[in-house]
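Below is one structure, written out as structure tokens; comments come after it.
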Amino acid sequence: MPSVAINPILIRRAAPADAQVIADLVDLGEREGQLLPRSLSAIRASIGDWLVATDNERVVGVGSLVEMGPTLSEVRSLAVAPAYRQNGVGAKIVDALVDEARARGIPTVFALTRAVPFFEKQGFVVTVKADFPEKVWRDCIVCPVRDACDEVAVVRSVNSKT
Ligand SMILES: CC(C)(COP(=O)(O)OP(=O)(O)OC[C@H]1O[C@@H](n2cnc3c(N)ncnc32)[C@H](O)[C@@H]1OP(=O)(O)O)[C@@H](O)C(=O)NCCC(=O)NCCS
Numbered sequence: 029m030p031s032v033a034i035n036p037i038l039i040r041r042a043a044p045a046d047a048q049v050i051a052d053l054v055d056l057g058e059r060e061g062q063l064l065p066r067s068l069s070a071i072r073a074s075i076g077d078w079l080v081a082t083d084n085e086r087v088v089g090v091g092s093l094v095e096m097g098p099t100l101s102e103v104r105s106l107a108v109a110p111a112y113r114q115n116g117v118g119a120k121i122v123d124a125l126v127d128e129a130r131a132r133g134i135p136t137v138f139a140l141t142r143a144v145p146f147f148e149k150q151g152f153v154v155t156v157k158a159d160f161p162e163k164v165w166r167d168c169i170v171c172p173v174r175d176a177c178d179e180v181a182v183v184r185s186v187n188s189k190t
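Going by my numbering, the sequence shown opens with residue 29, and the numbers climb by one from there.
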């Protein structure tokens, strides 16, 4: 059961004024042990890559699309406010990020996650990180927990149906 009354959830591009609430939701996901940190300045610098889900204009979920190259983007830092979870908000954000990748002409999206069943429900399939050398060489190599990483790689074509 939702613990808040939920109005229609709308997805929109993030605006600079959303940076702090995005940072707060990502911080929470980090404290829950599910997300890697993103600094406020990094969020501000990448604000054009973020989408937010809103309930009556209040931001209740966030996610970003990070281009790894001309044919590959990462769904990163997906987070929904706890009171809004299990109501389809995360699925809506992923749908919109996949739409965004398609609009940018990017055929494939992936994520590194522990929420594998959630991504499988959005049409992703489990794969291996070695499929994404762009990611491994850009981010994993400098990650402090790279030798103990328990995130699973999941991938989806932007044209596949869920
Ligand atoms: C993971 C997260 C984004 C899901 O958001 P949500 O709005 O609760 O997800 P939805 O309601 O859209 O769920 C869609 C489906 O996935 C399932 N699901 C949701 N979260 C799940 C999880 N953590 N693990 C497994 N399945 C999950 C739901 O039960 C639902 O299944 P159904 O369609 O059979 O009912 C949210 O739990 C969250 O913010 N968690 C903390 C941060 C995090 O783990 N981010 C993902 C790492 S990239």
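Just so it is clear, CB atoms sit at the ideal spot from N, CA and C, and this is done for glycine as well.
Predicted, not measured: the structure shown is a model, and the values here were computed from it.
- The beta-carbon distance between Ala181 and Thr155, rounded to whole angstroms, is 5 angstroms. This is short enough to meet the 8 angstroms contact definition.
- Glu58 and Asp52 have their C-alpha atoms spaced approximately 10 angstroms apart.
- Sequence-distant partners of Val94 (beyond 5 residues in either direction) whose C-beta falls short of 7 angstroms from its own C-beta, in its chain, are Asp77, Ser101, Glu102, Arg104.
- With 16 or more other CB atoms across the displayed protein chains lying within 10 angstroms of its CB, Val137 is buried.
- As DSSP reads the structure, Ser101 sits in a beta bridge with Glu95, Val137.
- Exclusion of Gly76 from the 6 angstroms shell around ligand 1 follows from its C-beta lying no nearer than that to any non-hydrogen atom of the ligand.
- Collapsing the DSSP output to three states places Asp83 in a strand.
- Cβ neighbours of Glu179 within its own chain (closer than 7 angstroms, five residues either side excluded): Leu140, Thr141, Arg142.
- Around Ala158, the same chain offers Val164 as residues with beta carbons nearer than 8 angstroms, after the five sequence neighbours per side are excluded.
- Following the DSSP letters along the chain, one finds Ala42 in no beta strand (DSSP E), marked with neither H nor E.
- Comparing alpha carbon positions, the residue from Ile134, Cys168, Arg40 closest to Asn187 is Ile134.
- The beta carbon of Leu106 sits closer than 6 angstroms to at least one heavy atom of ligand 1.
- Remark: the shortest separation between the CB of Phe146 and any heavy atom of ligand 1 falls under 6 angstroms.
- Asn35 is a Cβ neighbour of Asn84, given a cutoff of 7 angstroms.
- Taking 7 angstroms as the cut-off, the Cβ atoms of Thr82 and Leu38 count as close.
- Short note on Arg86: C-beta not closer than 6 angstroms to any heavy atom of ligand 1.
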